[in-house]
Amino acid sequence: MTPDGKGVIPMVCVSVKEGTECIFMTKKGCSFNGGVCHQIVEECRGCNRASEFDSGWYCTACPDPSVKWKNGHCNFATHIAKEVQVEKTKINPLKASKRKGR
Ligand code: SF4
0 MTPDGKGVIP MVCVSVKEGT ECIFMTKKGC SFNGGVCHQI VEECRGCNRA
50 SEFDSGWYCT ACPDPSVKWK NGHCNFATHI AKEVQVEKTK INPLKASKRK
100 GR
């Protein structure tokens, strides 16, 4: 019987993010490209998903943060979500005045 009672054996990192559960961990070790996670990049500073481990600063959501920033903003980032939301809530003043006239 497994610890969760569902037949799923949690795989825990034994390399750079030691002790954290990871989907890339297998019985044979880390299956991620290169065999270890990569440290966060400059753009990650301020993100709540960046965590400090004994081996350095790593993302808890992505094994290679530089890839997440390669083509624009990281979609998991918590520190830029507010800026995006502000842009979405901007109201077109012309449409707003029409709505008031109804
Ligand atoms: S979620 Fe994105 S921005 Fe945040 S630490 Fe991870 S890669 Fe960096």
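Position 69 of the sequence shown, counted from 1, bears residue number 68 in numbering that gives the first Met the number 0, the numbering being contiguous throughout. C-beta atoms are modelled at their ideal positions from N, C-alpha and C, and glycine is treated no differently.
1) Just to confirm, does proline 62 get its C-beta within under 7 angstroms of one of the non-hydrogen atoms of the ligand SF4?
2) Please tell me whether arginine 48 and phenylalanine 75 are closer than 8 angstroms, where the distance is taken between their beta carbons.
3) Near isoleucine 39, what residues of its chain come up, given a Cβ to Cβ distance below 7 angstroms and the 5 sequence neighbours on each side ignored?
4) If you draw a straight line from the C-alpha of isoleucine 90 to the C-alpha of arginine 98, how long is it?
5) What does DSSP give as the partner residue(s) for phenylalanine 52 in the beta ladder?
6) Contact defined as beta carbons within less than 8 angstroms: I believe proline 62 pairs with histidine 37. What is the distance between those atoms, to the nearest angstrom?
In short, the structure shows the following:
1) no
2) yes
3) Ala49, Trp56, Tyr57, Cys58 and Pro64
4) 11 angstroms
5) Gly55
6) 7 angstroms
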